[in-house]
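Line by line, the protein sequences give chains D and P.
With the first letter of the first sequence counted as 1, position 157 gets the number 157 in the numbering used here; the numbers rise by one all the way through.
With the first letter of the second sequence counted as 1, position 424 gets the number 1424 in the numbering used here; the numbers rise by one all the way through.
All residues carry an ideal CB built from backbone N, CA and C; glycine is no exception.
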Amino acid sequence: MFKSDDICTQVMQSKEPLLEIKNLHAGIDGNVILNGIDIEIGPGEIHAIMGRNGSGKTTTANIVMGHPDFDVEDGEIKLMGNDLLDLEPWERAKEGVFLSFQYPQAVPGLQVGNFLKKSVASIKGDEAAKGKNFRELLKKSMKELNMPSSFLSRYVNDGFSGGEKKRFEILQMMLLQPKLAILDETDSGLDIDGIRTVATGINSSIRGTGSGALIITHYSRILDYVKPDKIHVLIDGKIVATGDSTLATDLEENGYDWLEEKIKGGDE
Amino acid sequence: METSQEARDVVGDYKSGWHDTENSTIRFDSGLSEKVVRDISKIKDEPEWMTEIRVKAYQHFIEREMPTWGNMSMLEQIDFEEVCYYLRSSSATENDWDEVPDEIRNTFERLGIPEAEQKWLSGVTAQYESEAVYHSIREDLVAQGVIFLDMDSGLREYPEIVKKWFCSVVPYSDNKFSALNTAVWSGGSFIYVPKGVHVEMPVQAYFRINAKNMGQFERTLIVADEGSSIHYVEGCTAPTYSTDSLHSAVVELVALPGSHIRYSTVQNWSANVYNLVTKRGIAHKNAKIEWVDGNIGSKLTMKYPSVILKGEGSHAEVISVAYSGNGQHQDAGAKIHHIASNTTSKILSKSISKDGGRGSYRGMVTVSPKAENCKLNIVCDALILDDESRSDTYPTMEVANPTARCEHEASVSKVSDEQLFYLMSRGHSEEEALALIVNGFFEPFTRELPMEYAVELNKLMALEMEGSIG
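Now the structure itself:
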């Protein structure tokens, strides 16, 4: 009995999408930003959203994390079948959502080491933030990201360079081990070595774990290292094209205008 | 947050707001007169010269106007006739906790004082209302000649040292409240550290007002002889009553050549206490005085720890934080006078206001014409948590010597929604996120405190942030 139940649950889980965004309409202060977005990410998958500035990429990320400034007018967001929309940001974090911020905020006086410990305790439980396992994961992750241990006594994002901020976001992701990681322009402002390091971090914490990731980016470069399963192109709050990694290459070569023309042409 | 639950179980919002049954042996009728002043002196069996200073100070208090600055409308609400100027709850100062009367001992046990003494202090004095009820100091320090007594015992046992320094740093005529304190002072600490002796672990004084309408007027004098050092820590609490109490202390520090005095305060009076305190030190050649001053509680605090840099090469530091909540005004700051050459000073002031609270930084730094090559550094930061709250800065600098190097920075900031969202996305509720920001803001102060105090302060601030999100 027990066995068949277990198998049954496993099968159910693997069929169920990790993240399901359905018909999402949202805006801020009465201005519509998202016009019906659908994205479905399965366990172990990495997707990317590409688009121009102002197309609604960051808004999508913020809404999944639960930013209080945005109003969701219609649609659904589910993580492993659980509705996220009624949850506070910290509850979503505990469900397994993680957002790597485009502009991480500074908190002067709050030490990195202390903050990491507190965040891990809050999301994964007190035990996870104690003892050898935590210290080893921390050490290993920092090594992978080329961060010196002196980093731990600095204040959160206070006086960090652009690259340090992005690495710190990835460090948090590696320690918090989310089910869904949303990376909002984590590659912007990074040099090629930085992009490679960050991509290594993403690959090691998503690939083969059953977790998923949504990468938001302008450029295809990071996608050379992460190799997404699907790419969605967002224009004016709508996904206008979904494809494999060749879509990124086409966009890089021909620009968004090409895609717009192509779609218009298709409509006529 | 376990601590807050514990605290709430005990007293609602203000953690130290419980009160024990008043069991006073002697309680003066409310109100002030020359007779009250003489009676206090008589009860204490003081030398004639002390009685005379008290009476002179009383005369000055009567004649002196209220300050014409600061929060005058709050100051005017003080009714000096309603205050009880002397209340003794225990007939003796004990040096064994078991001898302290039960109710009083319970109070200090609930505040964790005996435990702290065993773990990390060189000596403890605990004052309940007007008198010290418990006192102890480590034997090895006594053997080295360190004197640590309550002020009354100090006057009895070392009248010549007390006479030499009493009122030498803060004359009774300094301000209305220093006059009041000099007239009716009772309790406080008297410390003398002999030449070259370093007191490694801090000594602590604990002040508790328990009775209603009580006035507590402790008087502290610390003399650090040449090349010595000491760290003195004081904590203050009171129960929450609907009527006001008055705490008006005077602290005098004398740092003789090459010595180092650090004086740390975590003031957490309940929101019905007026806290009007004069704190000043004189630093002689190459001496160093540091005030580490935390103001969390009280209704109105007016306190500007000051240092007179009298000797060449002396150094002053004032690091302060103030938290002003609903109905509170923390008017705090620092005063430093560079009298001698090559003297240096640093002021770091941080204030947080919330729920309509008001924080003011009031600072004065002067450099005398003859003081060459002085260095001054002043940083004031204010954090305002909502639109109802207020923060003001009143910095004054009078630099009469062109060789002085002055740096002054001031900032006012608000907690941004983006900062909160960032922290919330890491699993912290809105209140926890706010506490992380606030404790971070206070960190330059808390890192200067002994660890036990720093932990306590962080818990206290987390408690203050609770229920703050609408």
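Check your understanding: Using 9 Å as the limit for Cβ to Cβ distance, is residue 1423 (chain P) near chain D?
Key -> Interface flag for residue 1423 (chain P) against chain D is set, since a Cβ pair is found closer than 9 Å.
Exercise for review: Measure the C-alpha to C-alpha separation of residue 1162 (chain P) and residue 1233 (chain P) and round it to an integer number of angstroms.
Suggested key: In this structure, the alpha-carbon of residue 1162 (chain P) lies about 21 Å from that of residue 1233 (chain P).
Review point. Using a C-beta to C-beta distance shorter than 8 Å, which residues of chain D count as neighbours of residue 1417 (chain P)?
Key: Residue 1417 (chain P) reaches chain D at 68, 69, counting residues in chain order whose Cβ is nearer than 8 Å.
Check your understanding: Looking only at its own chain, which residues have a Cβ that is under 8 Å from the Cβ of residue 129 (chain D), when we skip the five neighbours before and after it?
Key -> If we look at residue 129 (chain D) and ignore the five residues flanking it on each side, its Cβ neighbours are 117, 118, 120, 121.
Practice item. Indicate whether the contact test is met: 3 or more Cβ pairs, each with one atom in the stretch 1176-1186 of chain P and one in the stretch 1418-1438 of chain P, closer than 8 Å. Key: No: fewer than three Cβ pairs fall under 8 Å.
Practice item. Give the C-beta separation of residue 1165 (chain P) and residue 1252 (chain P) to the nearest angstrom, bearing in mind that I take them to be a contact with Cβ-Cβ under 8 Å. Key: Rounded, the Cβ-Cβ distance is 7 Å, consistent with contact.
Review point. If residue 220 (chain D) sits next to residue 248 (chain D), beta carbons under 8 Å apart, how far is it from one beta carbon to the other, in whole angstroms?
Key: Approximately 4 Å separates the beta-carbon atoms of residue 220 (chain D) and residue 248 (chain D); this is inside 8 Å, confirming the contact.
Practice item. Examine chain P for any beta-carbon lying closer than 9 Å to the beta-carbon of residue 316 (chain D), and answer yes or no. Key: In this structure chain D extends from 1 to 268, so residue 316 (chain D) is not present and cannot be described.
Point to revise | Minimum Cβ-Cβ distance from residue 981 (chain P) to chain D less than 9 Å | key: Given a span of 1001 to 1470 for chain P in the structure shown, any question on residue 981 (chain P) remains unanswerable.
Exercise for review: Scan the stretch 101-117 of chain D for residues whose Cβ lies nearer than 7 Å to a Cβ of chain P and list them as they occur along the chain.
Suggested key: Listed by position, the residues of the stretch 101-117 of chain D near chain P (Cβ gap below 7 Å) are 101, 104, 105, 107, 108, 109, 110.
Point to revise | Delimiting residues of the beta strand (DSSP E) encompassing residue 1267 (chain P) | key: Element bounds for residue 1267 (chain P): 1260-1267.
Point to revise | Through-space distance from residue 61 (chain D) to residue 1004 (chain P), alpha-carbon basis | key: Residue placement at residue 1004 (chain P) cannot be trusted, given a pLDDT of 40 that sits under 50; the coordinates are not used to answer.
Review point. Alpha helix (DSSP H) containing residue 1080 (chain P): first to last residue?
Key: In the DSSP assignment, residue 1080 (chain P) falls outside any alpha helix (DSSP H), carrying neither H nor E.
Review point. Who are the Cβ neighbours of residue 1311 (chain P) in its own chain at under 7 Å, not counting the five residues just before and after it?
Key: Short of 7 Å from the beta carbon of residue 1311 (chain P), and not among the five residues preceding or following it, lie these beta carbons of its own chain, in chain order: 1257, 1283, 1284, 1285, 1286, 1287, 1340.
Exercise for review: Could you name the residues of chain P that residue 123 (chain D) contacts, counting a contact when the two beta carbons are closer than 8 Å?
Suggested key: Within chain P, the residues near residue 123 (chain D) are 1426, 1427.
Review point. So is residue 81 (chain D) buried or exposed if we call it buried at 16+ other beta carbons inside 10 Å?
Key: Burial is judged here by how many other beta carbons sit within 10 angstroms of a residue's own beta carbon; residue 81 (chain D) has fewer than 16 and is exposed.
Point to revise | CB of residue 1307 (chain P) within 9 Å of CB of residue 1289 (chain P), strictly | key: Result yes, Cβ atoms of residue 1307 (chain P) and residue 1289 (chain P) sit closer than 9 Å.
Check your understanding: Considering only C-alpha positions, which residue in the set P:1445, P:1381, P:1126 is nearest to residue 1237 (chain P)?
Key -> Per the Cα distances, P:1126.
Exercise for review: Output yes or no for whether 9 Å exceeds the beta carbon distance between residue 222 (chain D) and residue 199 (chain D).
Suggested key: Yes; because the gap between Cβ atoms is below 9 Å, this pair is in contact.
Review point. Taking residue 1189 (chain P) as the reference, which of P:1291, P:1028, P:1153, P:1121 has the closest Cα?
Key: In this structure, P:1153 is the residue among P:1291, P:1028, P:1153, P:1121 with its C-alpha nearest to the C-alpha of residue 1189 (chain P).
Check your understanding: How is the alpha helix (DSSP H) around residue 1466 (chain P) delimited, first residue to last?
Key -> Careful: residue 1466 (chain P) lies outside any alpha helix (DSSP H) and carries neither H nor E.
Check your understanding: Is the beta carbon of residue 73 (chain D) sitting closer than 9 Å to the one on residue 107 (chain D)?
Key -> The answer is no: Cβ separation not under 9 Å.
Practice item. Could you pull the start and end residues of the alpha helix (DSSP H) that residue 115 (chain D) belongs to? Key: Start and end: 112-124.
Exercise for review: Find out if the Cβ-Cβ distance for the pair residue 115 (chain D), residue 64 (chain D) is shorter than 9 Å.
Suggested key: Not a contact, by the Cβ cut-off of 9 Å.
Review point. How long is the line joining the alpha carbons of residue 174 (chain D) and residue 99 (chain D), rounded to whole angstroms?
Key: Between the alpha carbons of residue 174 (chain D) and residue 99 (chain D) lies a distance of about 12 Å.
**Study point:** DSSP-derived helix/strand/coil call for residue 1453 (chain P)
**Key:** If DSSP states are grouped into helix, strand and coil, residue 1453 (chain P) belongs with the helices.
Check your understanding: Is it buried or exposed for residue 1118 (chain P), if we count other Cβ within 10 angstroms and need 16 for buried?
Key -> Exposed, since its Cβ has fewer than 16 Cβ neighbours within 10 Å.
Check your understanding: Using a Cβ-Cβ distance under 9 Å, would residue 93 (chain D) count as near chain P?
Key -> Yes, contact with chain P.
Exercise for review: Could you pull out every residue in the same chain whose Cβ sits closer than 6 Å to the Cβ of residue 49 (chain D), ignoring the five residues on either side in sequence?
Suggested key: Closer than 6 Å at Cβ, skipping near neighbours: 57, 216, 232, 234.
Check your understanding: Ordered along the chain, which non-local residues of its own chain (more than five positions away) have a Cβ less than 6 Å from that of residue 1300 (chain P)?
Key -> Closer than 6 Å at the Cβ level, and outside the excluded window around residue 1300 (chain P), lie 1071, 1074, 1274, 1329.
Exercise for review: Verify the CB distance criterion: does residue 152 (chain D) have a CB-CB separation below 9 Å to chain P?
Suggested key: No, residue 152 (chain D) does not count as interfacial toward chain P.
Review point. Can you give the Cα-Cα distance for residue 1457 (chain P) and residue 1351 (chain P), rounded to whole angstroms?
Key: If you take the alpha carbons of residue 1457 (chain P) and residue 1351 (chain P), they lie about 14 Å apart.
Check your understanding: According to DSSP, is residue 257 (chain D) helix, strand or coil?
Key -> In the structure shown, residue 257 (chain D) sits in a helix (DSSP, three-state: H, G or I).
Check your understanding: Taking C-beta to C-beta, are residue 1269 (chain P) and residue 1297 (chain P) nearer than 9 Å?
Key -> Contact check for residue 1269 (chain P) against residue 1297 (chain P) passes: the beta carbons are separated by less than 9 Å.
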